[in-house]
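Undergrad: Input: one structure, supplied below.
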Amino acid sequence: KSGDAAGEEAVEVFNTFNLSAEDRKDFDKVVNHFEKFTTPKRNVVVERFIFNQRCQEEGETFDVFVMDLKKLVKSCEFGDQSDSVVRDRIVLGVGDARLQERMLRESDLSLERAIDLGKTAELSKIRAQTVQGQNVDFVGRRSGAQKPLSSREANWSNKDGTVNKSCQNGEKARMFSSCWKCNRKHVKGKCPAYGKRCHSCNNLNHFSVVCRYKDVKDVVVDESEDNGDYYVNSINVHHIVKCIESASTVKEWKKTLIIEGQPVTFKLDTGAEVNVLPLSIFNLFKSQSKMRKCNVVLKAFGGATIKPVGSISLNCSVDNLNCVIDFIIVANPQVRPLLGINECVKLDLIHFVNDIEIPNKNELDQYMNMAFSSKDEFIQNNVELFEGVGKFKGTCKINIKNDATPVVRPPRRVPLTVKPKLELKLKELEAQGIIAKVDQPKEWVSNIVIIEKANGTIRICLDPQDLNKVIKREHVLIPTIEEFLPKLTNKSVYSVLDLKDGFFQIPLDVKSSELCTFSTPFGCYKFLRLPMGISCAPEIFQKRNQENFGDIQGVLIYFDDLLIAANSIKEHDEILAKVVQRAKSLNIKFNKNKVQFRVPEVKYLGHVFNVAGMRPDPERVKAVVELKEPKNKLELQRVLGMLNYLRRFVPHFSTKTAALRELLKQKVEWQWLGLHSQAFKELKNLICNAPVLGIFDSNKPITLQADSSKDGLGCCLLQNGQPIAFSSRSLTDSEKNYAQIEKEFLSILFAVNKFHYYIYGREVEVLTDHKPLVSIMNKNIVNVLSNRLQRIKIKLLKYQLNLKYLPGKFMHIADLLSRSFNEKEIQLDDEDMIETVHTLTKQLQMSEIKKREFKEATLKDQGLKKVQQYWETGWPNSIDKVPKEARSYFRFRHELSVEQDLVFLNSRVVVPVSLRKSMLLLLHEAHSGVEKSKARARQVIFWPNINDDIEKMISTCMVCERYRPQTIKEPLISHTIPHLPYEKIGADICDYGGKSYLVVGCYLTKWVDVVQLRNKSSEEVINKLKPMFATHGIPKIMICDNVPFSSWEMKKFSKEWCFEIITSSPTQVAHYIAQYCKIGKINIVQY
1 KSGDAAGEEA VEVFNTFNLS AEDRKDFDKV VNHFEKFTTP KRNVVVERFI FNQRCQEEGE
61 TFDVFVMDLK KLVKSCEFGD QSDSVVRDRI VLGVGDARLQ ERMLRESDLS LERAIDLGKT
121 AELSKIRAQT VQGQNVDFVG RRSGAQKPLS SREANWSNKD GTVNKSCQNG EKARMFSSCW
181 KCNRKHVKGK CPAYGKRCHS CNNLNHFSVV CRYKDVKDVV VDESEDNGDY YVNSINVHHI
241 VKCIESASTV KEWKKTLIIE GQPVTFKLDT GAEVNVLPLS IFNLFKSQSK MRKCNVVLKA
301 FGGATIKPVG SISLNCSVDN LNCVIDFIIV ANPQVRPLLG INECVKLDLI HFVNDIEIPN
361 KNELDQYMNM AFSSKDEFIQ NNVELFEGVG KFKGTCKINI KNDATPVVRP PRRVPLTVKP
421 KLELKLKELE AQGIIAKVDQ PKEWVSNIVI IEKANGTIRI CLDPQDLNKV IKREHVLIPT
481 IEEFLPKLTN KSVYSVLDLK DGFFQIPLDV KSSELCTFST PFGCYKFLRL PMGISCAPEI
541 FQKRNQENFG DIQGVLIYFD DLLIAANSIK EHDEILAKVV QRAKSLNIKF NKNKVQFRVP
601 EVKYLGHVFN VAGMRPDPER VKAVVELKEP KNKLELQRVL GMLNYLRRFV PHFSTKTAAL
661 RELLKQKVEW QWLGLHSQAF KELKNLICNA PVLGIFDSNK PITLQADSSK DGLGCCLLQN
721 GQPIAFSSRS LTDSEKNYAQ IEKEFLSILF AVNKFHYYIY GREVEVLTDH KPLVSIMNKN
781 IVNVLSNRLQ RIKIKLLKYQ LNLKYLPGKF MHIADLLSRS FNEKEIQLDD EDMIETVHTL
841 TKQLQMSEIK KREFKEATLK DQGLKKVQQY WETGWPNSID KVPKEARSYF RFRHELSVEQ
901 DLVFLNSRVV VPVSLRKSML LLLHEAHSGV EKSKARARQV IFWPNINDDI EKMISTCMVC
961 ERYRPQTIKE PLISHTIPHL PYEKIGADIC DYGGKSYLVV GCYLTKWVDV VQLRNKSSEE
1021 VINKLKPMFA THGIPKIMIC DNVPFSSWEM KKFSKEWCFE IITSSPTQVA HYIAQYCKIG
1081 KINIVQY
């Protein structure tokens, strides 16, 4: 019956429902299906788009805005994230900029907290407006004049039924304290004054009780009046203008003008473009001028708009100056008179000051001291020196050798997840002017190394290994300690400024920029600034910095550091002011994190300088001072080994170490006594002072010793075998898990960082007892498999290091320091060591399933398990100490590495024994030949004797044996037949019956002469040939083997007798002679 009442269409729809007989009788279920049928499906994407576009409209209360967001989010299917999404939309869409900033400052902002902040801010603004009214303090014109909307357009629906922007996203019930059109309270859009005519002005859409024009005089429409919107704001002058001497508390300027005989006090606003006059004041004038219609809209602080009544020109006078001024008349009684910038200048009320002259220089010093009273204030007052990337004036040039062979490296593949980040980084560097796109082929193209930081961002490093080999280094004088001594000693105030992104501040010339071209998956780019890793960069940097700041007295330049030293704060600040001014004029930037401001002492090249003079840096010998007393004979042997290394610098060495050496005797029981402690302490004091401890000399060669133990790092700086400085530290918990080779490489990084000021810009010899590091240092970064080793190698690029192997038994100092380190110092993990270096070697050519299979087989392989163990702890010195299952890897130990539980030989995966047969089958799957199979194996896999296994497998392959092509015989290449007898002959030497014979045959007649030789010398052969040539004639060509026919005597003989000798293989000549003997006539000649 219900279906009949609904009609035929409803019955047809009902029949389409998949309902059982019982469900068809259930009224609620039927209605449910009809509702689902008639309700349109929601598009979640569109709903979310509408939600994300929702912003607080002008005049809309905060409660209505939040309520609408909560309604919209229900159809967006955000689930548990709804509250956080609404909170984000409130922060991003709120109309009050100050409220938005307040919300963004909250570290843990919840939805409830955001709503509470919004309600509080809105309530505060309403209360402030109630107390103060809407004061017009400032008028500024908005760029781009726009026609203001009429009240009908701004507040009511269009005729076609669509609503304007302020009413979209649904009808909103908003209550106002009082509607200015009807003076009543009502829902927005339901004003009773709409369509009604005012009895005062005869205009539509408002009642006469709120009419703004009833007290206005006649208005004349002036079509020439500019249309536009003007912003009305408020400026606190004391936040913008900073006075040096004045202590005035005046926040605004005022001036009284005489207008139409009436005095009116105006606020002088240099930011206003128009003049504002309240209607209440204008009504006091007895002016005969008629008001013009005005289409200008004023906007008060907070977004409220004020519609002017009109505009008028009035006669004004001030300080004996008379002029006509145009005013905008405003009906709001809270508006103050406002005088704009143009009239302020016209009436000579303000002046533009270009220069400030300070007659008393002491006042300037006082101001400088006030401005730079602390490091933070110095940075804040000169914030432009610490933001962005600087740029030196002029360009620098990279010179290369004349015979240099250009190298072009193809782009390396990068993971798909890194490609978008790389593209974005390239665009960022291009926008900063650091790199530029290259469209033409270049002679030099290097690779780049992509380093992904822990936070997901990346940085790009140039890998200029090929370019560095041919760069000509500039000869720049690097400052020495002797030059700095008189400038740093006995100074009381020091400051240090470090240049930010130092190399990137130096522009390259066109040719040098092309040398620094690099390839990427997105094409080639070139550096426009000096990149890190270029071998000549330190010298260029020192030279350019010297040019920029070298003429300022009291400034010392050491590469990217500026040292300021002065006798007083006043002198220091004067020097600093000159440096700051110079840096601003040259657009040079500093690193705010490395600023040392007004420090009482400074460290440089192993010395501490202060007002008392100079003293050695205690850090140089701290590692030796804190050496622990040995606890057994083995530890004492290490101590004495280091002391013995320095014995030539220790006077009476044998006497001073006698007590300690007694403990090493076999029959002496270990017992450490007071006399041993006294001897040990005395020896440490000797090492830490002259003559054992030397003074750094920049003219002498520099040597670094670096070593790592299980738990610590140690290093020493040496010159001519004499120690200059020592250092050691413990390993962090994470560093203790490093492989031994990684610890050894880390010790080198620790050494160069510790002695940076000694070695930067100089060639340094580094001694290590881990031989594989020597080959790693000479490899390209892409060929270094371990990610940690790659990161360390990148950090070492800026140094000029020559790594050399020194057996551990001779590494006395660094070895002892690495085992006896200061455990009190807390060392934090280096964040850079968790970065990822993306190179081609990281892209293994195997699936995840195959990789998992390799890992499981590697862990079960006894030989590879030993290799992994030796990778962690270090290989034995002798192959005899290696188990049999791992001995085959011993000769490759320097190239082996472990990454992700897999063993690699350089970039090739070492295949476990259990998988080798299957890998051989994969290699020979296409039945390639031996060489092709070997070439493919050299790209991806390795195991000992792999070449022999490939050859054996292919030689036993039945398919290859069946279809292998037969050996093709080469066609016989015959000699040209001469036209005359003896024109072309062949000669050779044969032995028969213990005697030697010279056999000569004619190619035309097949005549053969045989002559016995006394010896096989060229002189004897020439003597036998001369009678033959006298008998038969001199030939044109003689074909023979090399010995003795290619000798200098035979060549001279052929030249004198005018015939040509053509040499061939002995077998070929002998074959020709044998043929002559068969078919020709043999003539045995006696000469």
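Heads up: the sequence shown begins at 1 in this note's numbering, then just goes up one per residue. Each residue gets a CB set at the ideal place from its N, CA and C atoms; glycine is no exception. This one's a predicted model, so the numbers in the text were calculated from it and none came from an experiment.
#1: Are Lys866 and Glu885 closer than 8 Å when you measure CB to CB?
#2: Does the structure place the region 580-592 close enough to the region 513-525 that three or more beta carbon pairs sit under 8 Å?
#3: I think Gly874 touches Gln719, with their Cβ atoms under 8 Å apart; what is that distance to the nearest whole Å?
#4: Nearer than 7 Å: is that true of the beta carbon of Asn32 relative to any heavy atom of the ligand COA?
#5: Return helix, strand or coil for Lys1036, following the three-state DSSP convention.
#6: In its own chain, which residues sit with a C-beta less than 7 Å from the C-beta of Pro876, not counting the 5 before and 5 after it?
#7: With DSSP as the reference, please indicate the residues paired to Glu763 in a beta bridge.
#8: Please name the residue in Leu462, Asp326 and Phe609 whose C-alpha comes closest to that of Lys487.
#9: Would you kindly report the start and end of the unbroken alpha helix (DSSP H) that includes Cys182?
#10: Excluding sequence positions up to five away, which residues of its chain have a Cβ less than 6 Å from the Cβ of Val408?
#11: Taking 8 Å as the cut-off, does the region 554-562 touch the region 480-499 (at least 3 CB pairs, one atom from each stretch)?
#12: Residue range of the beta strand (DSSP E) that Val1008 falls in?
#13: Would DSSP call Lys526 helix, strand or coil?
#14: Between Asp707 and the rest of its own chain, which residues show a CB-CB distance below 7 Å, the 5 nearest in sequence each way excluded?
#15: Please name the residue in Gln465, Leu72, Arg98 and Asp617 whose C-alpha comes closest to that of Arg89.
#16: In terms of alpha-carbon separation, which member of Val91, Val1010 and Leu1004 lies closest to Lys1036?
#17: Between which two residues does the beta strand (DSSP E) carrying Asn699 extend?
#18: So what does DSSP say about Gln505, is it helix, strand or coil?
#19: Enumerate in chain order the residues of its own chain whose CB-to-CB distance from Phe17 is below 6 Å, with the five nearest sequence positions on each side excluded.
#20: Need the endpoints of the beta strand (DSSP E) that Glu951 sits in, please.
#21: Based on DSSP bridge pairs, tell me the residues matched to Lys1118.
#22: Please name the residue, chosen from Thr305, Arg638 and Ser313, that lies closest to Lys293 on a Cα-to-Cα basis.
#23: Restricting to Cα atoms, I'd like to know which of Ser492, Trp943 and Gln705 is closest to Arg908.
#24: Going by DSSP in three states, Asn15 sits in which element: helix, strand or coil?
#25: Could you pull the start and end residues of the beta strand (DSSP E) that Leu556 belongs to?
#26: Can you find at least 3 beta carbon pairs, one from the region 267-275 and one from the region 335-354, that sit closer than 8 Å?
#27: Kindly list the residues whose CB is nearer than 7 Å to the CB of Lys375, restricted to its own chain and excluding five residues on each side of it in sequence; keep chain order.
#28: Check for me: the beta strand (DSSP E) holding Asp326 runs from which residue to which?
#29: Locate the beta strand (DSSP E) running through Asn548, then write down its first and last residues.
#30: So what does DSSP say about Thr1031, is it helix, strand or coil?
#31: Name the DSSP beta bridge partners of Leu896, please?
#32: Taking all protein chains shown into account, decide if Asn567 is buried (16 or more other Cβ within 10 angstroms of its Cβ) or exposed.
#33: So Gln740 is in the alpha helix (DSSP H); what residue range does that whole segment cover?
#34: Return helix, strand or coil for Cys396, following the three-state DSSP convention.
#35: Could you name the residues of the same chain whose beta carbon sits closer than 8 Å to that of Lys656, not counting the 5 residues immediately before and after it, in chain order?
#36: Just to confirm the assignment, what range does the beta strand (DSSP E) spanning Leu980 have?
TA: Looking at the atomic coordinates:
#1: Contact check for Lys866 against Glu885 passes: the beta carbons are separated by less than 8 Å.
#2: The way I'd put it, the region 513-525 doesn't touch the region 580-592; fewer than three beta-carbon pairs between them come closer than 8 Å.
#3: Actually they are not in contact, since the Cβ atoms of Gly874 and Gln719 sit about 30 Å apart, beyond 8 Å.
#4: With respect to the ligand COA, the structure offers nothing, as it holds no ligand at all.
#5: Residue state for Lys1036 is assigned as coil, using DSSP reduced to three classes.
#6: The residues are Val882.
#7: DSSP links Glu763 through a beta bridge to Gln800.
#8: Out of Leu462, Asp326 and Phe609, Phe609 has the C-alpha closest to the C-alpha of Lys487.
#9: Segment: none, Cys182 is in no alpha helix (DSSP H) and carries neither H nor E.
#10: Around Val408: Val445.
#11: Look at the beta carbons and you see the region 480-499 touching the region 554-562: at least three pairs across the two are nearer than 8 Å.
#12: First-last of the beta strand (DSSP E) with Val1008: Trp1007 to Leu1013.
#13: Here Lys526 carries a strand assignment [DSSP, helix/strand/coil].
#14: Excluding its 5 nearest sequence neighbours in each direction, Asp707 has C-beta neighbours in its own chain below 7 Å: Gly714, Ser747, Asp769, Met811, Ala814, Asp815 and Ser818, listed in chain order.
#15: Residue Leu72 is the option with its Cα nearest to Arg89.
#16: Closest option to Lys1036, Cα to Cα, is Leu1004.
#17: Element bounds for Asn699: n/a, residue is neither H nor E.
#18: DSSP places Gln505 within a helical segment (H, G or I) once states are collapsed to three.
#19: Closer than 6 Å at the Cβ level, and outside the excluded window around Phe17, lie His33.
#20: That residue, Glu951, is in no beta strand (DSSP E); its alpha helix (DSSP H) goes Ile946 to Ser955.
#21: Missing from the structure shown is residue 1118; the chain here goes from 1 to 1087 and no further.
#22: Ranking the options by Cα distance to Lys293, first place goes to Ser313.
#23: When only C-alpha atoms are compared, the closest one is Trp943.
#24: Helix.
#25: Counting along the chain, the beta strand (DSSP E) containing Leu556 begins and ends at Val555 to Tyr558.
#26: Short answer: they touch.
#27: Once the five neighbours on either side are set aside, the close Cβ partners of Lys375 are Val595 and Phe597.
#28: Secondary structure note for Asp326: its beta strand (DSSP E) is the uninterrupted segment Leu321 to Val330.
#29: For Asn548, there is no enclosing beta strand (DSSP E); the enclosing alpha helix (DSSP H) covers residues Ala537 to Phe549.
#30: Thr1031 falls in the helix class under three-state DSSP.
#31: DSSP, once it has assigned bridges, lists Leu905 as partnering Leu896.
#32: Counting of Cβ neighbours within 10 angstroms places Asn567 among the exposed residues, the total staying below 16.
#33: It spans Gln740 to Lys754 - the alpha helix (DSSP H) in which Gln740 sits, taken as one unbroken run.
#34: In the displayed model, Cys396 falls within a strand according to three-state DSSP.
#35: Cβ within range, chain order: Val650, Ala679, Glu682, Leu683 and Leu686.
#36: Counting along the chain, Leu980 falls outside any beta strand (DSSP E), and DSSP gives it neither H nor E.
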